[in-house]
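S.K.: Residue numbers (the working numbering): 296 to 546. By construction, the Cβ of each residue, glycine as well, lies at the ideal position given by its N, Cα and C atoms. Model, not experiment: these values are computed from the prediction.
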């Protein structure tokens with residue numbers, strides 16, 4: 296406060312309570328620290344990409360999953376997401392198609408490319424960000440390294456194929472065993488039938504010589520008997536002639 300001569304005679308102090316503002320600022324600071332900590336320490340890769348394929352933001356996990364030493368190195372070297380991060384550029388097209396149609400990407404399994412060119416399987420989730428005028432600003436989301444899970448799935452598929460092949464081989468072996476058992480049963484049956492047939496045939500063959508001997512003896516007897524008959528006929532004729540019976544027959 297100044298007097299008429301321009302000399303300072305007093306002062307007026309105005310104070311405003313800014314406690315609430317300071318508390319709000321502290322909340323904002325703590326919130327930023329919290330989310331920055333989550334961003335920096337997350338195990339999932341967190342990213343932002345522009346619609347034309349530039350990498351705008353990456354956290355340490357994003358860089359680590361893709362084999363870069365730091366997020367800064369990744370931001371400097373990845374100038375085109377489609378060719379630098381996607382092992383198959385068609386996967387980027389699928390990502391963009393889902394964003395354009397649905398504004399969101401959920402559980403998209405993608406084979407990405409590391410810095411050294413080797414592949415790495417990741418699970419991608421993301422959504423579109425728009426400004427206050429509804430204009431598309433960027434895509435942001437997360438990726439998870441699922442290389443171990445994919446390796447386990449591939450190993451499981453390999454084991455399944457081996458089991459299917461082993462089962463098929465077992466079925467074929469079982470079929471061969473059944474066929475062999477059938478053939479063995481048929482062989483045993485044939486042997487039994489042959490045995491039954493051979494028994495009477497053996498009896499016939501073993502007695503064939505005896506039969507031949509009997510037939511020969513019978514033939515000899517018949518021949519001798521026929522000789523006796525002829526002798527008897529001759530003797531009878533001589534006796535008739537001696538007794539004159541022949542003359543009586545004529546009378």
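(1) Determine the extent of the alpha helix (DSSP H) in which residue 396 is found, giving its start and end residues.
(2) Determine the extent of the beta strand (DSSP E) in which residue 435 is found, giving its start and end residues.
(3) Determine, using beta-carbon pairs with one atom in the segment 343-354 and one in the segment 370-390, whether at least three such pairs fall under 8 Å.
(4) Under 8 Å between the Cβ atoms of residue 419 and residue 432?
(5) Looking only at its chain, what residues have a beta carbon closer than 7 Å to the beta carbon of residue 297, apart from the 5 residues adjacent to it on each side?
(6) Do residue 377 and residue 384 have their beta-carbon atoms positioned less than 8 Å apart in this structure?
(7) Report the CB separation of residue 339 from residue 472 in whole angstroms; it is logged as a contact under 8 Å.
(8) At which residues does the alpha helix (DSSP H) containing residue 356 begin and terminate?
(9) Could you compute how far the alpha carbon of residue 426 sits from the alpha carbon of residue 411?
(10) The alpha helix (DSSP H) with residue 373 in it runs from where to where?
(11) Beta carbon of residue 415, beta carbon of residue 409: below 8 Å?
(12) For residue 408, which three-state DSSP category applies?
(13) Buried or exposed: residue 436, going by 16 or more other Cβ atoms within 10 Å of its Cβ?
(14) Secondary structure at residue 322, three-state DSSP: helix, strand or coil?
(15) From 460, 446, 395, 456, pick the residue whose C-alpha is nearest to that of residue 430; which is it?
(16) Rounding to the nearest angstrom, what Cα-Cα distance links residue 423 and residue 346 in this structure?
(17) Which residues share a DSSP beta bridge with residue 242?
(18) What I want to know is whether the C-beta of residue 407 ends up closer than 7 Å to one or more non-hydrogen atoms of the ligand NAD.
(19) Quick check on residue 367: does DSSP put it in helix, strand or coil?
(20) What's the call for residue 301, buried or exposed, on a 16-neighbour Cβ count within 10 Å?
(21) Just mark residue 541 as buried or exposed, buried being the case when its beta carbon has 16 or more other beta carbons within 10 Å.
M.R.: Taking the definition as stated:
(1) Going by DSSP, residue 396 is part of the alpha helix (DSSP H) stretching over 384-397.
(2) 431-440 is the extent of the beta strand (DSSP E) around residue 435.
(3) Segments in contact, yes.
(4) Not closer than 8 Å, so no.
(5) 303, 304, listed in sequence order.
(6) Contact: yes.
(7) Rounded, the Cβ-Cβ distance is 55 Å, inconsistent with contact.
(8) Taken as a continuous stretch (DSSP letters only), the alpha helix (DSSP H) holding residue 356 covers 355-360.
(9) Distance between the alpha carbons of residue 426 and residue 411: 36 Å.
(10) First-last for residue 373: undefined, no H or E at that position.
(11) With contacts defined as CB atoms closer than 8 Å, residue 415 and residue 409 qualify as a contacting pair.
(12) Per DSSP, reduced to three states, the secondary structure at residue 408 is strand.
(13) Under this definition residue 436 is a buried residue.
(14) Three-state DSSP puts residue 322 in a helix.
(15) Nearest C-alpha to residue 430 among 460, 446, 395, 456: 395.
(16) The straight-line gap from Cα to Cα measures roughly 9 Å.
(17) The question about residue 242 has no answer, for the chain in this structure spans 296 to 546.
(18) What this structure holds is no ligand at all, so the ligand NAD is not there to describe.
(19) Note: residue 367 maps to helix in three-state DSSP.
(20) With fewer than 16 other Cβ atoms from the protein chains shown falling within 10 Å of its own Cβ, residue 301 counts as exposed.
(21) Low confidence applies to residue 541: its pLDDT is 46, below 50, so where it sits in the model is not reliable enough to give any reading.
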